[in-house]
Every structure is written in structure tokens, then in C-alpha cells.
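Below is one structure; the comments refer to it alone.
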Amino acid sequence: MTWMDNFMQATVIMCLGMGLVFLFVASLVVLIQISARVLSKYIEEAAVAAAAPSAASGGNQGAIVAAIAAAMKQHSSK
Amino acid sequence: MTWMDNFMQATVIMCLGMGLVFLFVASLVVLIQISARVLSKYIEEAAVAAAAPSAASGGNQGAIVAAIAAAMKQHSSK
Amino acid sequence: MTWMDNFMQATVIMCLGMGLVFLFVASLVVLIQISARVLSKYIEEAAVAAAAPSAASGGNQGAIVAAIAAAMKQHSSK
Amino acid sequence: MIKKIFLTIALGLIFVGGLGVVSTMAETTTPATQVIAQAQASVQTTAPAATKAPESAKASVDDISIKTGIVSIAAHTGVAGFLAKDGWKSLFMISIGFILLYLGVVKDFEPMLLVPIGFGTILVNVPFAGMGEAPHGLLYMIFEHGIRNELLPLIVFIGIGALSDFGPLLANPRMAILGAAAQFGVFGTLLGVMALNLLPGFAYTLKEACAIAVIGGADGPTSIYVASLFAPHLLGSIAVAAYSYMALVPLIQPPIMRALTTEAERKIKMKQVRPVHPMEKTLFPLFVVLLCALILPSALPLMGSFAFGNFVKESGCLDRLSKTMQNELMNLATIFLGLGVGMQMSADKFMSLETMGILFLGLVAFSLGTAGGVLFAKAMNVVWPKNPINPLIGSAGVSAFPMAARVSNKLGLEADPHNFLLMHALGANVAGQIGSVVAAGVILAIFGY
Amino acid sequence: MIKKIFLTIALGLIFVGGLGVVSTMAETTTPATQVIAQAQASVQTTAPAATKAPESAKASVDDISIKTGIVSIAAHTGVAGFLAKDGWKSLFMISIGFILLYLGVVKDFEPMLLVPIGFGTILVNVPFAGMGEAPHGLLYMIFEHGIRNELLPLIVFIGIGALSDFGPLLANPRMAILGAAAQFGVFGTLLGVMALNLLPGFAYTLKEACAIAVIGGADGPTSIYVASLFAPHLLGSIAVAAYSYMALVPLIQPPIMRALTTEAERKIKMKQVRPVHPMEKTLFPLFVVLLCALILPSALPLMGSFAFGNFVKESGCLDRLSKTMQNELMNLATIFLGLGVGMQMSADKFMSLETMGILFLGLVAFSLGTAGGVLFAKAMNVVWPKNPINPLIGSAGVSAFPMAARVSNKLGLEADPHNFLLMHALGANVAGQIGSVVAAGVILAIFGY
Amino acid sequence: MIKKIFLTIALGLIFVGGLGVVSTMAETTTPATQVIAQAQASVQTTAPAATKAPESAKASVDDISIKTGIVSIAAHTGVAGFLAKDGWKSLFMISIGFILLYLGVVKDFEPMLLVPIGFGTILVNVPFAGMGEAPHGLLYMIFEHGIRNELLPLIVFIGIGALSDFGPLLANPRMAILGAAAQFGVFGTLLGVMALNLLPGFAYTLKEACAIAVIGGADGPTSIYVASLFAPHLLGSIAVAAYSYMALVPLIQPPIMRALTTEAERKIKMKQVRPVHPMEKTLFPLFVVLLCALILPSALPLMGSFAFGNFVKESGCLDRLSKTMQNELMNLATIFLGLGVGMQMSADKFMSLETMGILFLGLVAFSLGTAGGVLFAKAMNVVWPKNPINPLIGSAGVSAFPMAARVSNKLGLEADPHNFLLMHALGANVAGQIGSVVAAGVILAIFGY
Ligand code: NA
Ligand code: NA
Ligand code: NA
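Chains as they are written, first to last, in my numbering: chain V, 768 to 845; chain X, 768 to 845; chain G, 768 to 845; chain A, 1117 to 1565; chain B, 1117 to 1565; chain Z, 1117 to 1565.
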């Protein structure tokens, strides 16, 4: 197999690879969005619950805020 | 081997099995009771200790009471 | 192989063994002392830090004192 | 809501599987799947669904072009696999896997086991993924080195031993007899299997019958242990039945218990249990081992592992080891045990009338065990009328720790709100655990293991 | 200071190694090493460095005298081994091991992996210690039963799954596309390998090229998995390159990111992420498995293990298993994975131009991945100008969780101190983890695995 | 009281064993055991005690009747096995197992090891249980895949490394010499074995002698490692002797120490130890590995594992791995190591004059090590009279961490209530751990391993 053959094959693999990666990830995004729509009623409730001051349910909204705060702190302390 | 043969064998296994299970468990009960008698002096002490208000030794009497209490709570909350 | 042969061999193994064990451990001591000398500046600092009343850095000086204290306590309680 | 999504996935998969059946039956290829079909021609569509690409594909990378590359990849997608002959079976099994996840997570059916089994079922049935294939498929390795040699069930038993407390049994040794009586769930089922064999289509061998009957012991690792020796091809169905019905005990037992007892019997109060010295707990696992060694050595692998864990726990001076057994050892073994059982959930093993039979017989086994325990308690009351036993406790003898004991307590409280049966029922419960190991041991002994 | 000592040891070893080269080249023996050399005559100095004593030595204990004993032991010291032919290579590799320990502990380069790899490297290269030899060398056993069968990378993946949080991705699904774009680090590198093959001395095969390219996925276990299948002899170099460059992400990425973006682009603020329901997190790993089963079964061993860990974590009812996966399972697998990789760091495999090439190509791969992500984000802004993406987030698509996301956030804050990109970058980051598994799966699929 | 029950069980078993001897000697069968004896006729009573039922039994399930079933089960009970020829030996070994449990739990003799070994001993000796049999007996699998390949001792060594603190040794490096001197316990015992060979009935080979001598290193895993290579058939006795005498150090050492020292010597106060920088602790395991690689590669498997654990602990940035090594890895390996050692405690291996010899020689080894350390400290005081060493510290050089160091401290306090020797003794103690690995390495090197 000449170098050129190998190079062509590498190019083919690259095209197939990038294509399939995009296909996979795009399908995943579609699935996420469909499930989000199906679950939207619940999500809104969760958002309302998270917006409430008590936030006792430990939803991941609080986690996001905490993550950002932690990230800020880490950054500033560096 | 006919079905009848198989059925007979299953019956035999059942008889042997139930017999041996009872034999085993009965022997175990006898062993438990012998050891309980041998240890009775200590057990009485333990019972006295458990009856005392301090109950600092963490005997399993306390655990039994706790288990019952927990069971009641669980039941009522269902 | 006669018993005498075996005994001689055991003696040889003993001599080689004790020799090599001492050689190994002595080399290790030398290495420890070289590294201690190289690190001496830092060690003095550590000693000073440990001597200071705060001892906040959790150096192993404190650990040594604690170990001795623990050992004393254990001994006296036996 | 999550239930709907789960079920939608599962039903969707079954539906697509159904389409697959139709398409393979019609032996036609629609234009849309033409390219795929061409590629499949070289992929030998007659091969079992969950196979890797043939060796030839591995070698011929000489001439990848965009077109052949797409064709080759397309031919090895799961979609192609599912559309191939028998591919719908894989799809069906994958949907079974999703149902197991649903039962575990949403319905809380023993999720510790059903989630790993469900995931294993999904993974092993994906075509071309090769996760169940020798020599290096992950599930294959787990099954081969963890289950076929009976290692993981025994290790789980060490962990269960380290988690068990025999205090309630020692406080009330008479209860142990009920743990023996409930083993009628095992041996009665044996006759049930024979009865089922009278129906056309069912022809379980005696060994298979025994492996199925052990479901009546209501003890997962014991069922897996016996099945891996007697009927490895039924391992998946047996494990799923055993764990599912254990989770269903609160539904299965009450009607049987109510039907077999009178209101007066359910109100029987039992006398206080005796106090137990810690030393008794330490000695108990040694008694069990000794007895097992003397009269039933076939049960020793299971019983010895169990007693080892319990002795380490009760010895009082091995907290390090005891905690490791209760947590890391137990959890690691459970994860791999579940995945390995999933390995046996392949279409050719699971999709058969036998599996239906096992699911039915498992229900029979739990019911017979419950009835056996209750009726024997009643019989004891006839023979020894003073100091009677509340027959509701009998049902706890099937083990299924601690659900069965809670069921007894709950029905007792229904009859009389001041009658707490829990401690007595727990005694029968842990005795049932020992009883089912003994029952399994007898079966192993009879067949010369 | 500790740095000096570390480097002194390493350089000292390299120096002694150099002496060894000179002495073997000169083929002369100095008087001081005469006795040793005599002994070596019987030890076949031509044997590979890291070999045990020959069988003959084991048998002939008949006639140990002090003299022959000293000679025999001296002939099997490491000193003698290092002075033997090719012994300097072992010494060189041992110093590489010390450098890895130094990078891990002092420079904080992924110490969880580099310390076990470094120790493995040291141990496997000591002559006459036999730690890498069949059948009972510790490192040999770990490699053979943990890595050659791809077991440990998959178990580490279960652990990573149980540690991953896909919340940021679900909150911002568009970010997933950047995790795909960054896989140009993998496939672009494939062309880079081919370009390097034009230089004399480099002749990577296509499979080797693919194994190297996967370094661009910035995911250690994936690299090890593919390398163990495609190029086991390069496993050591590939693993070291992958983990080292992951640790170097904060140095490699910023210059590329600054060069490819304008000040205005770096100031782009992104809209708030949407709230995510816990149910979505539970379903996400199932979607991943389903998609992987449908369109890329070759990626299933990695993706399925990953999803299994993540599902157990997000199921919400399996805390026991989830904690075991995150801690014990993950840590145990990491220890042994590192030691086993060290096993492949032997002189004959590592000391070659190929390793230099891999170190260079690894850097290329990380750079291409970074550039791919950033440029694709810019392209998306051209195509969909409203609701633009800050291209700094693109670089987080390489995965290297969570360093790459922190780098994006840091550069964003430099441009605008009120612009927090972390959550968005984390979304691209976890998408990159999935992306690299998909990329690896495509490569496996093309070669028919 | 618990002591009485334990001993009653053990003595009871020995008694029944004795009856067995009598009955087999008399070659008569009492009427009561007639049925059993008939069944045994087909079970080949001449087979070794711990064997499963013959294959023929497995096949012939065709014709189970109640009578043949009872006969067959009765023939495979432990009772029948114990009454068969050589069955009393199994019973004797089981009582040894109970004695080990008693020593571990009640007498607190290293229960972490003696309890698993004791349980292993009991389980492996039950007739017809097959727990020690190839290919799937639990103990067989543990031994074959964990001990014969030396895996578990090395993993335990990683854990011990992660638990060790070399601070006291670094604070006082001179103490290390005492850790070398105490290895006279190993090499002196070698001569002791030869002396014992002069008695009729004893004929240990040189390799066996070496495996026994390593008991003097007072280090369990080292003993098991060498024994598994040199004399697997003695592994059980050697492990039991090593762990038992380690637990007995507080009884064995004081009389020897008192006999060899004067009151004045025991009152010697030692100067304060120097401070130690954390960096020194980090570098120490690397020095050990380096030295081992240079002058004694045969010790590297043990020493490298040990140093790996210690380096991970002292690196300061690997807490996750360090805790896993100290807890889960260590505990899991200990459980299986103990069970696997028990596997070698079968009647034919343990019930011999050799075992008696090993128990005696183990005591000799500990005594010689103690004496060696004390006398060498006195010798050092003669050679370097200023800055003298309290010879009580010498005995701590046998390792047996930390009991031996506590003994030194205790005797020091007896002589002078203000003289704390603990830190110095701990230095000698951890040096003794290294010393015994070196001693084992020399022995391996001489035999060409
Ligand atoms: Na049961
Ligand atoms: Na990636
Ligand atoms: Na020692």
C-alpha cells in the first residue's frame, strides 16, 4: 500500500468519522429536546419551585448557582 | 424416563428435602437452647443491665426496642 | 547432599544474608542523611515553625508529640 | 410521567421489533434498506443477532472509499442488525431490559439487582457490539469468571452474612421451625413443575425443575447458585423471577394469608421474646457451620460463606473487615453479579415457553411457601395449644428479608392495632434464609454435588 | 527543592545510563567490574535487560560458597544489569519513571494516573526483578488480566459515568455540537500522522495512526482502550501522552484560543441556560445507550459502561452502588490501570522514534481539537447570527473535563469580568466526552471491531 | 465463658476424632452405623477425606427412592465422612480451625488474619463439601488465583505501605541498623533448622528451611510470599506460626530482653530525635526502590509494592488512592489472603511432624531476632560509647509493628518511669520491616528467583 493510498484512507476515515460524530450528537440533541418538551410541564414546576425562596427540594438549579459561585471563588483565589 | 417416574422422583425429593430441612432447623434450635442455658447466667446479667435506666452498654435489648419503634413509625407513615 | 553440606550452605546463606541486609540498611541510612543534609535548610524552618506555639501547619513534629502522648496514655491505662 | 417515557421506549422497541418480524417473514427488502441489505449479504444475515462483524471485515481495510465505508458502517449499525433475520428478537430483549430498569427504578423492585440485570440485558442484545462474546466481551468475562464458577453468589453471601442479625431468631428459637415449613415453597413447586410438564410444550428435566423450584426459597444468590450449576440456560429467567417476586411479596402474600387465617387467629398475641447475650450471636454462625458440616456438606459453600460474614460481624473485634464486607465487597459483587446475569438474557435463551413457565412457577413457589408457613403455624397451635403462634408469622418464613416480616406485622396490626409481630416475624424471616440454603443443599446433595 | 532532588535522581540515572552506553560501546571491562563481568559471562549479557536469572541458576544451589554466592548475587544486582549490554536503556526508562512521578506529584499532572504509571515504569525496568514477566510477575498479571482484555478501561468508564453530571449539557443542548466539532482533534490528527510518515524514519501503519489520533479525544481510558486493541506496543507512550496533555490543557489551549478569536467575540454573552428536570438526567444515559445501539454498536462497550455508571448515579435510588462506583471501583481500577500501563513502558517499546512522534502528534491532536471547536463555534455564529455562541466555549469540546471548561471561563473573564461561561463550557465539555467515545467507535467500526 | 464453649467444641471434635481413630483402627462397624457403612462401600472410603461424591453418584439419579435417597444423603453427610478412614484427621483439622478462631477473637491474636485462616481451615476440611477442590471450589479459586501467583501478598504489601509512617526512622536513622541486626532471627534460624534435621524424623530441605526461617522476619505477607514460592505445602503452618508469634510478641520478648540487659542499660536515656521534613518522607520510598533496584532486584516485587503504597500516601496529593489502598484494597486482600491460606490447612499437609517443627522453629526465630537486636545494640555501645543506645530498642528491630516497639517502651518505663523509648523503638520497628524484606530478597536471590 503506497503512502498515497494510506493518506486517502485516512481522509476517508476523517470524513466518515466527523460525519458520524455530528450525526450522533445531533440525534442526541434532538432526543434531548423531545424529552424536554414532553417533560416541559414538570420542568416549569421545577423552575417555579427553584425560584421559590425555600428551595428545599435541592433541585439542580441550586447546584448550578453553587457551581458558578465555586468557579468564581476558585478563579479569584488563583 | 416416563412422566410418572419423574413425578415419583420429585415426590421423593420433596419428602427427603422437607425432612432434612426440619431436621436441620430442629437441631439448630436445640443447639441454640443448649447454648442459651449454658450462657444463662450471663444473659440474666445482661437483662438486668438492660433493664437499668442507664443502658450504657448498648446491649441488643435497646436495639430490639429501637427496631420495634422504627417499625411502628414506618408503618404509621405509610 | 550430606547434612554437613547442607549445614555449610546454610552458614554461607547466613553470612551472605546478614552482610547484604547490613549493606542495604547502611546504604539507606547514608541516603537518608544525604537527603537530610540537602533539605536541612527546609528542615530547620520546619523545626522553627513547629516550635512556634501556633503549630498550625500540622508538621510532623506535632505528630511526634501526639504519638508520645498517646503512647503514654495507653501505657498508663493498661 | 417517567413511567410513560419508559414504557413508550419499551413498546416502541417492541413495535419496531414487530415490524422486523413482518419484514423478515415477507422476505422482502424495501428500497430504503436496499444498500443495507446489499451490505448484509456479506454479513451473513443468518448469523445469530448479537455477533460481531466477521473476520473478513477486519482484514479488508485495504480499500475503504467513502461509499464502501458508509455501506460497511451502515451494515454494522444496530438498525441493520435489528432488521436482519432474528434481529427483532434482540430488539424485544432490549425492551425487556428497559422494562427491568423501569421496574427497578420506578417501581422500586429490588433496584440493586434489577438495574444491573436490565443494563446487562440491553448491552448483551445489541447486534455487532459483541459485549457477550468470548473471549473479551465485558459481560462474557463477568459471567465466565464470576458466575459460571459460582464465585459472585458466594461473595454476595459473605456480604449478606455480614449484614444479617440473628438476634430475633435467637430471642425466639421456636420461630425457626416456621422458616423450615416455608420451604414447602421449594419442594411443593417441584411437584408443580411436574404438573406443568403435563401441558404440551413444557418438558422441564428434573434438574431444571429443581433449579426453578429454588425460586421458592426467596433468596436471589441461592437461586443463581443452583441455576448456574443445574440449568445455566435458565439462569436469566430464574434470577429475574426470584428478584421480581421478592419485590412483589407485599402484593403476593396478604391475600393468601387472609384466606388461610381466621380473624381470631390474626389477633393472637405472642409472649415477649427473651433477652439475647452478644456471645450467643457470636456462637450462632459457628453452630450453623458445624451443623452444616455434620449433616449437609453440599450446602457448605453457601452456608459457610454466609456464616463467615456473620461471624466476622458478630466477633466484635473485626470492624474493619466487617464494614468492608457489608459495603465494598457486597456492592462490587452485586454490580458484577447483576451484569453477569444479564449476560444470560439473550433472545435464544429467554424467548421461549420455558420462561413463561418459570414466571408462572415462581409465583406458585412464593404462594406455596407462604401457605406452607401459615398452615404449619396453625398445625403447631393444634398440637401445642398453650402458648400459641400467630399464623401470620408463618408467611415470614419464606425469607425475602425484610419485606415478608413487615407484611406479617402489617396484617397483625390490621387485626389488632396493639399487636406488634415484627420481632417474631423477623425471627422466622432469618430462619427462612437458613432454611432455603438447606433446601438448596438437599437438592445439590441428591444430585451428588 | 524537591524538584531538584527528583531531577537529580533522574539525570543521575540518565548519566549513569550514558556511561553504560560508552562502556558497552567500547566493549571493555574496567578492573573494578571484573568479578561482575565474569559472573555475567554465565548470565548471557545478550539477554534483554529485564530478565530473571536463567533456570540453570535456580538448579545449581548445590555448591554455594561465600565466593560463588557473592559472585552470583553480584551478577544479579541491578548494578550488574545496568552495566550489561542494553542495561543503560533500562536505566533510562527508570529515569523516565522518576520524571513521571515528578510530573505527577510536583507539577500536579493528573497524579492519579501518572504516579501509578511512573511506578509501573520503574518496577518493570529493573533488571532481574521479573515484575513484567509471565506468568507471575505482578505487572504482567495486571496487564494480561486487566488491560489486554480491555477490562480496566471499561471499569474506569463505569466510574467516570457515575461521577459525571450531564446537567449542564441538558440545560444547553446546542453546546453538544461543539463537543462533536472538537473531535477534529482525532480525525485531523489522522492526516497529521500521514504527513509525519513522509519524514524518513516514521512509518506508522493505519491502525497505529488511529490509535495515536484518539489521543485527540482527550480521554485517557478511551485512548487506552483503542490502543490496547490496535497498537498494544504503543500503549505506554499513548497513555502517557494523553494524560500529560490533559494536564497541560491550561497551557496548550489559551494561545490557540486567543489567536483564533477577536476581542469582540470573546466578550459575547450567552443567554441563561434552561432549568433541567431530574427526570431528564435519569433518561439521558438511556438515550445515549439507545442511540449507540442503533447507529454505532462498536462504541457500546465504552458508551454502555459509561451510561451504566451514569444511570445508577441519576436513578436516585441506588446510592449504595453509585458511591461504590465513584469511589472504590474507580480508585481500585485506576491504581491497577496505571500500573498495567507502566508495564508497556519497557525500553524496547518506548525508546524509539515512534514515541517522539507520538508525543509530537499528541500535541498536534490537542491543538487541532481546540482549534476545531473554536472555529466551528465561529462558523455557527455566521450561519445563525442571532443568539450567538462565545467561541471560547468551543475549546471546551475536547473534553479534558473539567480543565478545558475552566480555561474557557477564565479567558471569558479576562475579556469581560462579568461574563461567566462556565456552565455553557461544561456543557460542551461533557458533550466532548461523548464525542470522543463516538469518534473511537467510528474508528473501531471501520476496522470491523 | 465463651472460651469454655469454644474449647469444648474444639476438644469435643478432637474427642470424636479420637473415636474415629479407634473405630478405623479396630476396622469394625457398630450396628448403628451399618446403613452408613453400606453406603460408604460405594463411596470408596479409601479416598482422601475432603472429596466430593464420585461422578457415578451424579449420573445415577434415575432411581431415587426414599430408601436409597436417605442412604445416599447419609453416606455424604459430614458424620459419615468423619467416620470414614482418615475422617478423624479432617475432624482434627476442623478443631484446629476453631482453635484459630478462638485465638483470634478471644485472645486477640491478629484476628484480621487468624479469623479468615480459621474459617478457611474449617471449610476446606469438611468432607464432601469440595470447597478446596479444582476447578470451582471457593477456597481453591482464591488460592490458585490469589496466592499461588503471589498476587495477594503483594497487594497486602501495597496496603501496608500506605499505612506505614517512616517518620520515626527518618528522625533517627541510626535505629535502622537495629532493624538489620534483628534479621539474625531469619538467618540464625536457618542454622536452627539444620540442627533440628539431626533429630530423627526431621528432614527439611534447604528451600523448606529458608521458607521457615523467614518467619523470623515477623512479617506475615513476606512469609507467605516466600513460602508460596519455596514450600507451598508448608504455607499453612508457616502463616499460622508467623501471625501467632507476632501476636505473642508481648509474651516472647520481655524475658529475653531482661536476661540480656543490665538494669543500668535499661535506664539509658536517648537524645531527642531530629525534626523531619515532609519532603524527606516523600523521597524515602523512592530511595528504597532505587536501592532495591541497584543491589537486590529479587526483593523488588515486595519492596516495590510496599514503596508504591508508601509513596502514594506521602505524596500528599493522592488522598483518594491512598485511602482506598489503606482500607478497601487492604481489607479485601486480607479477607481473601486469609481464606486462601486456610486452603493449605488440610490434614495431609498440616498433621505432620514438620508442622510441629515449624511451630518450634518459629519460636526460635522470634527469640533469635529479639536477641540479635538487643545484643547488637550492646555491641554498638561498646564500639561507639558516647551517645549510647538503650538496648531495649534492639528487640523492636524484628518488626511485628507496632507490638515490638510498645514492648520496648514498656520495659523502658519499668526501669525508669520517665524514659520514653517509643519513638526510637518505632524507628527500629519500621526498619525491621524493610530488613525482613531484604532478608527475604537475599534468600530469593541465592536460589535464583
Ligand atoms: Na427462604
Ligand atoms: Na473528547
Ligand atoms: Na522484620
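Backbone N, C-alpha and C fix where the C-beta goes; we use that ideal spot for every residue, glycine too. Given the structure is predicted, the values throughout are model-derived calculations rather than measurements.
Straight-line gap, residue i to residue j (C-alpha atoms, nearest Å)
i       : j       : result
A/T1338 : Z/I1263 : 27 Å
B/P1371 : B/A1487 : 10 Å
B/V1546 : B/P1518 : 9 Å
Z/F1466 : Z/G1194 : 20 Å
A/L1314 : B/V1558 : 52 Å
Z/V1404 : A/T1184 : 58 Å
B/G1213 : Z/F1318 : 48 Å
B/F1422 : X/Q776  : 49 Å
Z/S1515 : Z/T1377 : 20 Å
X/D772  : B/A1415 : 52 Å
With 16 other Cβ atoms within 10 Å as the buried cut-off, status of residue i
i       : result
B/I1215 : buried
A/V1309 : buried
Z/K1205 : buried
X/P820  : In this prediction, X/P820 scores a pLDDT of 40, lower than 50, which makes its location untrustworthy; the coordinate-derived value is nonetheless stated afterwards. That one is exposed.
V/I928  : Nothing can be reported for residue 928 of chain V: it is not among the residues displayed for chain V, which extend from 768 to 845.
B/H1534 : exposed
V/V762  : An answer regarding residue 762 of chain V cannot be provided, because it is not within the stretch 768 to 845 covered by chain V.
B/Q1388 : exposed
B/E1379 : exposed
Z/K1502 : exposed
Z/L1110 : In the structure as shown, chain Z begins at 1117 and stops at 1565. Residue 1110 of chain Z is therefore absent and cannot be evaluated.
V/R804  : exposed
B/V1272 : buried
Z/D1202 : buried
For residue i, the nearest candidate out of the options (CA to CA)
i       : options                               : result
Z/Q1508 : Z/L1418, Z/P1243 and Z/A1495          : Note that residue 1508 of chain Z is Leu in the sequence shown, not Gln. Nearest of Z/L1418, Z/P1243 and Z/A1495 to Z/L1508, Cα basis: Z/A1495.
A/L1285 : A/R1522, A/E1530 and A/G1513          : A/G1513
Z/L1279 : Z/L1484, Z/F1424, Z/W1500 and Z/N1535 : Z/F1424
A/L1560 : A/L1322, A/L1469 and A/M1441          : A/L1322
A/K1526 : A/S1515, A/A1516 and A/A1541          : A/A1541
B/F1303 : B/V1498, B/L1469 and B/G1478          : B/G1478
A/L1230 : A/L1219, A/V1240, A/I1238 and A/L1239 : A/L1219
Z/I1368 : Z/E1324, Z/A1334 and Z/Q1460          : Z/A1334
B/G1485 : B/G1275, B/I1331 and B/F1563          : B/I1331
Whole-Å CB distance - residue i paired with residue j, under 8 Å assumed
i       : j       : result
B/A1341 : B/E1266 : The amino acid occupying residue 1341 of chain B in the given sequence is Tyr; Ala does not appear at that position. The Cβ separation is near 6 Å, so the contact holds.
A/L1412 : X/F789  : The pair is not a contact, with the Cβ atoms about 12 Å apart (cut-off 8 Å).
B/G1420 : A/M1257 : The pair is not a contact, with the Cβ atoms about 14 Å apart (cut-off 8 Å).
Z/S1353 : Z/I1474 : 4 Å
Just list the alpha helix (DSSP H) runs in the region 1430-1473 of chain A, keeping only unbroken ones of 4 residues or longer that don't cross its boundaries, in chain order.
1435-1440, 1446-1458 and 1463-1466
Which full runs of the alpha helix (DSSP H) of 4+ residues lie inside the region 1346-1405 of chain A, going along the chain?
1351-1376 and 1379-1382
Contained alpha helix (DSSP H) runs [length at least 4] in the region 1168-1249 of chain Z, N- to C-terminal order
1171-1175, 1182-1191, 1194-1199, 1203-1221 and 1227-1240
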